[in-house]
Amino acid sequence: MRIEEFCHATIVVIPKDFKVPDFYKYNGSGNPRFHLVSYAMKMTMWSKDDDFLI
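Right, here's the structure in full:
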């Protein structure tokens, strides 16, 4: 089995000036949907490419 078979996002274009935003780690309390929406809002500022968002 090849490594490419394990990862569906093998070609990801990272914007040149990308800096990883600050994220809080989900600790199991609260609404997990809020956590995911927060992640998506921060990351889609950089790209709307699904592979990048992974």
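With UniProt numbering, the residue at position 42 of the sequence shown is 42, and numbering never jumps. Glycine included, each C-beta is placed from N, C-alpha and C at the ideal position.
Closest to residue 56 by CA distance: which of K48, D49, D50 and F23 is it? The question about residue 56 has no answer here: the residues shown for the chain are numbered 1 through 54.
Counting along the chain, where does the alpha helix (DSSP H) carrying M43 start and finish? Counting along the chain, the alpha helix (DSSP H) containing M43 begins and ends at P32 to M43.
Quick one: grab the DSSP three-state call for F52. Reduced to three states, the DSSP call for F52 is helix.
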